[in-house]
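Here this note's numbering is used: the first residue of the sequence shown is 20, the next is one more, and so on. Yeah, the Cβ is synthetic: ideal placement off N, Cα and C, and Gly gets one too. All values reported here derive from a predicted model rather than from experimental measurement.
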Amino acid sequence: MSKKFTAIFLSSIDLKAIWLASGFTLSFLVWEAAVLKVPFIKYFFHTAETYNIKYFLFLQSIVIFSGILLFLYVYAALISPIGWKIVSILIFSFIVFFEYGYLNSLGRFSTEVDLEIALFMTNFEQKTGAISSYLSWMAIIPSLLFAGLILRYKSSRSFGKNYLLPISLFFTILFYFVVSTYFKQHFFGADFPLVSFENFFKVSVEIPPNWIITYNGNREELPQLKIEAPPKKNIVFITDESLRVDHMSLYGYSRETTPYLDKLEKAGKLTKFDSCVSGTTCSHSSASLLLTGVQIADLPDKDFKTKRYPTLYQYARAAGYKVHFLDGQMANFWNSPYRDQKYVDDWKNNSDFSKTAAKASDIDFEVAKEVKRIVSTSTGNFIWVWKRGVHFPYNDDYPADSAQWKPVSNSAQLASIPREELVNSYDSAIKYNSDGFFKILAPAIEENENTVLIYTSDHGQNLRDGEQLATHCQQTKNEANVPLFMLGEFDTELPADFPARHENIFPTLLDLMDIPASFRKYDYADSLLNPRAKRPKHRYYWSLDVTSGNRLEFD
């Protein structure tokens, strides 16, 4: 019986297709390991040193089985009829271009956070811009080889040709769903290396398990603070986009990129800290820390503190402030769970400001006008501004005739831009955006003595300072090197050389709101208004998402 079954099985499969699929799979693995530096060997030795034999074998089996799934997909495509062949080629090519694009821009394949941001946290302008800036022509090589192999081969076997391809896709999705769910529960913050094609499926199916496993309940609520009268202050918190401190003349940069701010400092109207370290090197994760006061020491965020702890919005409301969130960057409520919107009284986004802006690079000027209107006509406002800023590609952040330093880049292909052009474009963008924004807003802060402003950036920027190509969301110090200054009447005795961190901003804002220590739910970092604030021996920042990534020493 077994011999008969074996004979039937062997007569049903296409041995030549098996050899071709095996050859392509192995070649693809070697190509990406050697050329794209997928760390299979590093992973092998790391898991061997870190885990016992049981978990070591389990972790290696995941990587091996992912290769088997790729082989199955290639084999299924080889024996399929022409319709399925075309579908398989389109799927393979789309995935390879998608993943190589992330590798081209960020130096790695995509993560589930990347996919969530791309799908739910970017506007149309950013989506279209990403297509051109992330495009990697290297993806043509495996795509053409795969297409040529699949189209040229004609199988003589009929077994499975009409349904093996969708079956292989189904089992691939099922495998990564099960593995990702288990992995997130037992190996929190860890990951395993895959080739680009398999990585896309893993990332895609990680989103539902992430939603299932993560905390999706309500935030911890705050009672109403007993206050004698409505607050008389206006508190403005500005978070810029991608501002690196050593490219601002306010901080000693040789080029006059922030001349208006320079004048404010010389006139004694601006208080700055010489150095500040951002919480993370990515916008979304930095936002979650700024919003909740969660510190680097609390990461990775296994207990979902960033989704449970009370927010700045809640503290402001408890103190009687009207809460505004003015977002020049996105069209959706992106920088915290959507349920946090209920704590915001006035939310205006990129779409609202785009209606009156002459061009996309002027959106922040409309935001500044709205802040000016609010602080000039009322008090008792807490206003969080998230600027559009100077996100890459920088040539989109200023009009062509406002380029201060030349030559500038007009390309969205980061890898092809000479560093001189990249820096010139970045500096020109800073000058246009910063000067235009503060010329509108700063006089309103000065004229209204009851208004104070704190300014920082979500993260810094890598400008091809070394071998790394990606501008942010990686691990270099320049990506965490951000400005921190204040406008208005601030009672601080801390010296300018105090080693500030993003985590100092949350308690500083609570102090400005007159939130007593007894009302605060948790022990936060030291406020910048506290003359006894401790100087940290070391400052740290975080890479990638708050639930994964690494803690890195800044100084």
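Short of 7 Å in beta carbon distance, which residues of its chain neighbour residue i, apart from the five on each side in sequence? Order them along the chain.
| i | result |
| --- | --- |
| Arg483 | Arg438 and Leu441 |
| Tyr153 | Gly120, Tyr121, Asn123 and Ser124 |
| Tyr362 | Thr330, Tyr332, Gln333, Arg336 and Val342 |
Quick one: grab the DSSP three-state call for residue i.
| i | result |
| --- | --- |
| Asp322 | coil |
| Asn481 | coil |
| Glu466 | helix |
| Trp230 | helix |
| Val501 | strand |
| Trp156 | helix |
| Asn523 | helix |
| Phe28 | Confidence is the limiting factor: at Phe28 the pLDDT is only 49, short of 50, which leaves the residue's position unreliable and the question unanswerable from this model. |
| Leu55 | coil |
| Lys288 | coil |
| Phe344 | strand |
| Glu118 | helix |
| Val296 | strand |
| Leu97 | helix |
| Thr191 | helix |
| Leu488 | coil |
| Val427 | coil |
| Ser355 | coil |
| Leu164 | helix |
| Arg570 | strand |
| Asn368 | coil |
Distance check for residue j and residue i, CA to CA, integer angstroms please.
| i | j | result |
| --- | --- | --- |
| Tyr121 | Trp405 | 25 Å |
| Trp353 | Ala286 | 37 Å |
| Ser80 | Ile108 | 27 Å |
| Ala519 | Glu247 | 33 Å |
| Ala377 | Pro418 | 11 Å |
| Ala67 | Ser567 | 21 Å |
| Asn229 | Ile72 | 28 Å |
| Arg263 | Leu138 | 27 Å |
| Arg558 | Val106 | 51 Å |
| Ile32 | Trp50 | 28 Å |
| Lys540 | Leu164 | 59 Å |
| Phe28 | Leu170 | With a pLDDT of 49 at Phe28, under the threshold of 50, the modelled position of this residue cannot be trusted, and the question is left open. |
| Pro329 | Ala461 | 30 Å |
| Tyr560 | Trp366 | 29 Å |
| Val57 | Thr69 | 20 Å |
| Ser112 | Phe196 | 22 Å |
| Ile254 | Gly399 | 8 Å |
| Phe77 | Val198 | 11 Å |
| Ile98 | Leu309 | 54 Å |
| Phe401 | Phe256 | 8 Å |
| Trp424 | Asn414 | 12 Å |
| Ser215 | Phe344 | 38 Å |
| Asp510 | Ser380 | 35 Å |
| Lys324 | Glu135 | 20 Å |
Please go through the same chain and pick out, in chain order, the residues whose beta-carbon is closer than 6 Å to the beta-carbon of residue i, but skip the five residues on each side of it.
| i | result |
| --- | --- |
| Ser304 | Asp564 and Val565 |
| Tyr591 | No answer is possible for residue 591: it lies beyond the span of the chain, which begins at 20 and ends at 574. |
| Glu522 | Gln314 and Ala544 |
| Tyr279 | Asp454, Phe457 and Lys458 |
| Ala387 | Phe456, Ile459 and Leu460 |
| Ser370 | Ala350 |
| Trp609 | With the chain covering 20 to 574 only, the question about residue 609 has no answer from this structure. |
Is there a Cβ of chain C sitting closer than 8 Å to that of residue i, yes or no?
| i | result |
| --- | --- |
| Gly408 | Although the question refers to chain C, the structure presented lacks it and comprises just one protein chain. |
Nearest to residue i by CA position, among the options, is which residue?
| i | options | result |
| --- | --- | --- |
| Lys374 | Ser397, Asp364, Tyr362 and Ala350 | Ala350 |
| Asp259 | Asp533, Phe43 and Ile449 | Ile449 |
| Pro100 | Gly86, Ser175 and Phe47 | Ser175 |
| Gln480 | Gly42, Asn500, Ala463 and Ile382 | Asn500 |
| Trp103 | Glu389, Lys180 and Ser447 | Lys180 |
| Asp446 | Ser380, Asn467, Asn429 and Ala422 | Ala422 |
| Arg554 | Tyr201, Ser294, Leu88 and Asn218 | Ser294 |
| Ser435 | Ser46, Ile136, Ser155 and Val82 | Ser155 |
| Val224 | Glu465, Glu131 and Leu183 | Glu131 |
| Ile44 | Arg407, Val222 and Ala96 | Sequence inspection shows Thr at residue 44; the Ile mentioned does not correspond to that position. With distances taken between Cα atoms, Thr44 lies closest to Ala96. |
| Asn452 | Ala53, Lys245, Arg407 and Leu488 | Arg407 |
| Pro242 | Leu571, Phe538, Asp510 and Ala52 | Phe538 |
| Phe84 | Asn443, Asn218 and Ala431 | Asn218 |
| Pro249 | Gly339, Thr277 and Pro319 | Gly339 |
Quick one: residues in its chain with C-beta nearer than 8 Å to the C-beta of residue i, no 5 flanking neighbours on either side, listed in chain order?
| i | result |
| --- | --- |
| Arg327 | Tyr234, Gly236, Arg238 and Glu239 |
| Asp530 | Ser546, Leu548 and Asn549 |
| Ala552 | Leu513, Phe517, Asn523, Asp545 and Ser546 |
| Ala463 | Val390, Lys391, Val394, Ser395 and Thr470 |
| Phe384 | Ala376, Gly455, Phe456 and Ile459 |
| Phe63 | Gln79 |
Notebook entry, point to check: Can you find at least 3 beta carbon pairs, one from the stretch 479-496 and one from the stretch 293-308, that sit closer than 8 Å?
Noted result: Per the Cβ contact rule, the stretch 479-496 is in contact with the stretch 293-308 (3 or more Cβ pairs under 8 Å).
Notebook entry, point to check: Are three or more beta carbon pairs between the stretch 154-165 and the stretch 188-195 nearer than 8 Å?
Noted result: Contact between the stretch 154-165 and the stretch 188-195 is absent: fewer than three C-beta pairs spanning the two stretches fall below 8 Å.
Notebook entry, point to check: Per the contact definition of three or more C-beta pairs closer than 8 Å, is the stretch 502-509 in contact with the stretch 460-477?
Noted result: At 8 Å Cβ cutoff, the stretches touch.
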